[in-house]
């Protein structure tokens, strides 16, 4: 594996890529094995312009070239294929939650290179800041000293990315103080704080790249995010993405908090392992809850289909994949279909790889890449 000291750059910003170079980088990242001619054709560029850009990307260590093996009996010069050097850049992710504090490192392919072990969140604001700096320092030993940092913040942000309102259960976490402390300690790194980590993790996967997505997070609350091919759809007061979570509060909704109330326990007791055990034991209260909450969320998700018509709906959050899969199987997206009129083609519903707070640190590490590609603007 390439180590941080072997890599030629610490972050993507230092390259000062032009829009054309950025587009070529994105094309290679999302479809390995393209030739120069294929890149030029797909982007409407000349082969000379592509070659010049590839020279810059290659010198930076972002891409590599290899001549393909000629097929038996085939004449002519085999094509040169371009691939991504995924470990040429790494990103740090930080997630602070009352359930724990986590850091992670990922590369350009969004592979998790390193994740921290579980740490309980420190008890005071000052101690949380110190804990956060220590976690990022540990992560940067695996990522490189100038690696950019993504920070998941469960909050409503202003257009200028000021933190306006933090989710009530996480209100005691001093996110703004942590962000300022990270910027002071790591001045060569960009610190990107956002609530959009989960949807960006999905949107930047090569298999989903360029699609219209709706991400529904079933965590302490329920919230949605719309990603419209190249941008987050915010709407008035950041509400556009929450269409799929617009069920009356504090009414029934597929959140961990709501499930805890139904089971008569504390949300803190419902970690992923406990929830998996309840599902494996076919707990009747849990199974009834899945049925009823699937019906509740079917209405706003049906509205999402009619208004946005996403190509994929992705379910994630702090419920395990088994429960999310059972919920998905019960969701009905036909609620607003009109009898006698051809219905819309319904999107596939996928289960996210970002499940639980530890994985959200990995998702947070995708935020600097999303910022570089200008998908968070």
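In the numbering used here, the protein residues as written are 1145 to 1521. Just so you know, even glycine gets a beta-carbon here, dropped at the ideal spot from N, CA and C.
Less than 8 angstroms separating the Cβ of residue i from some heavy atom of the ligand FAD?
i            : result
residue 1323 : Among the components of this structure there are no ligands whatsoever, and the ligand FAD is therefore not found.
Please return the same chain residues whose Cβ sits closer than 7 angstroms to the Cβ of residue i, not counting the five positions on each side in sequence.
i            : result
residue 1149 : With a pLDDT of 40 at residue 1149, under the threshold of 50, the modelled position of this residue cannot be trusted, and the question is left open.
residue 1291 : 1154, 1155, 1234, 1235, 1236, 1284, 1333
residue 1419 : 1463, 1464, 1467
residue 1469 : 1495
residue 1433 : 1403, 1406
residue 1157 : 1334, 1516
residue 1368 : 1358, 1359, 1360, 1385, 1386, 1387, 1388, 1389
residue 1163 : none
residue 1327 : 1335
Out of the options, state which residue places its alpha-carbon closest to the alpha-carbon of residue i.
i            : options                : result
residue 1306 : 1334, 1288, 1338, 1294 : 1338
residue 1202 : 1161, 1234, 1190, 1212 : 1161
residue 1472 : 1356, 1482, 1460       : 1460
residue 1354 : 1157, 1519, 1163       : 1519
residue 1510 : 1336, 1447, 1466       : 1336
residue 1165 : 1175, 1200, 1267       : 1200
residue 1488 : 1453, 1512, 1514       : 1453
residue 1364 : 1370, 1331, 1322, 1312 : 1312
residue 1500 : 1240, 1482, 1383       : 1240
residue 1396 : 1429, 1417, 1427, 1436 : 1436
residue 1374 : 1344, 1399, 1400       : 1344
residue 1286 : 1224, 1421, 1257, 1278 : 1257
residue 1322 : 1346, 1370, 1371, 1266 : 1266
residue 1346 : 1188, 1455, 1490, 1485 : 1455
residue 1371 : 1340, 1222, 1393       : 1340
Apart from the five residues on each side of it in sequence, which residues of its chain come closer than 8 angstroms, Cβ to Cβ, to residue i?
i            : result
residue 1259 : 1246, 1247, 1248, 1249, 1502, 1505, 1506
residue 1186 : 1171, 1178
residue 1184 : 1190, 1191, 1193, 1194
residue 1262 : 1244, 1246, 1502
residue 1316 : 1242, 1269
residue 1196 : none
residue 1319 : 1240, 1295, 1297, 1299, 1307, 1310, 1337
Excluding the 5 residues flanking residue i on each side, which residues of the same chain have their C-beta closer than 6 angstroms to its C-beta?
i            : result
residue 1342 : 1359, 1361, 1460, 1498, 1507
residue 1442 : 1475, 1476, 1479
residue 1329 : 1277
residue 1145 : Confidence is the limiting factor: at residue 1145 the pLDDT is only 39, short of 50, which leaves the residue's position unreliable, though a coordinate-based value still follows. No residues qualify anywhere along the chain.
residue 1167 : 1187
residue 1159 : 1204
Taking residue i as part of the beta strand (DSSP E), name the residues at either end of that continuous run.
i            : result
residue 1315 : First-last for residue 1315: undefined, no H or E at that position.
residue 1406 : Per DSSP, residue 1406 belongs to no beta strand (DSSP E); it is in the alpha helix (DSSP H), 1400–1407.
residue 1370 : 1366–1372
residue 1493 : 1492–1499
residue 1381 : From DSSP, residue 1381 is part of no beta strand (DSSP E); its letter is neither H nor E.
residue 1295 : 1293–1296
residue 1300 : 1299–1301
residue 1460 : 1456–1461
residue 1514 : Segment 1511–1516 is the alpha helix (DSSP H) holding residue 1514; no beta strand (DSSP E) there.
Quick one: measure Cβ to Cβ for residue i and residue j, integer angstroms, because I've assumed they're closer than 8 angstroms.
i            : j            : result
residue 1280 : residue 1236 : 6 angstroms
residue 1531 : residue 1445 : Here the chain has residues from 1145 to 1521 only, and residue 1531 is not among them.
residue 1377 : residue 1385 : 6 angstroms
residue 1448 : residue 1399 : That pair is no contact at about 18 angstroms.
residue 1238 : residue 1293 : 7 angstroms
residue 1230 : residue 1198 : So it is not a contact: roughly 17 angstroms between Cβ atoms.
residue 1422 : residue 1416 : About 11 angstroms; that fails the 8 angstroms criterion.
residue 1173 : residue 1224 : Rounded, the Cβ-Cβ distance is 18 angstroms, inconsistent with contact.
residue 1440 : residue 1391 : 5 angstroms
For the alpha helix (DSSP H) holding residue i, just list the boundary residues, first then last.
i            : result
residue 1286 : 1269–1287
residue 1240 : It is not in any alpha helix (DSSP H) - residue 1240 instead sits in the beta strand (DSSP E) that spans 1234–1241.
residue 1182 : 1180–1187
residue 1469 : 1465–1474
residue 1435 : 1428–1451
residue 1330 : Note, residue 1330: premise wrong, no alpha helix (DSSP H); not H, not E.
residue 1137 : Examination of residue 1137 is not possible in this model, given that the chain is present from 1145 through 1521 alone.
residue 1168 : 1163–1174
residue 1201 : 1191–1203
residue 1347 : 1341–1347
Going by DSSP, which residues form a beta bridge with residue i?
i            : result
residue 1213 : Paired residues: none, contrary to the question.
residue 1356 : 1372
residue 1247 : 1238
residue 1412 : Looking at the DSSP assignment, residue 1412 forms no beta bridge with any residue, so it has no partner.
residue 1225 : 1210
residue 1263 : 1245
residue 1338 : 1296
residue 1307 : 1301
residue 1361 : 1367, 1460
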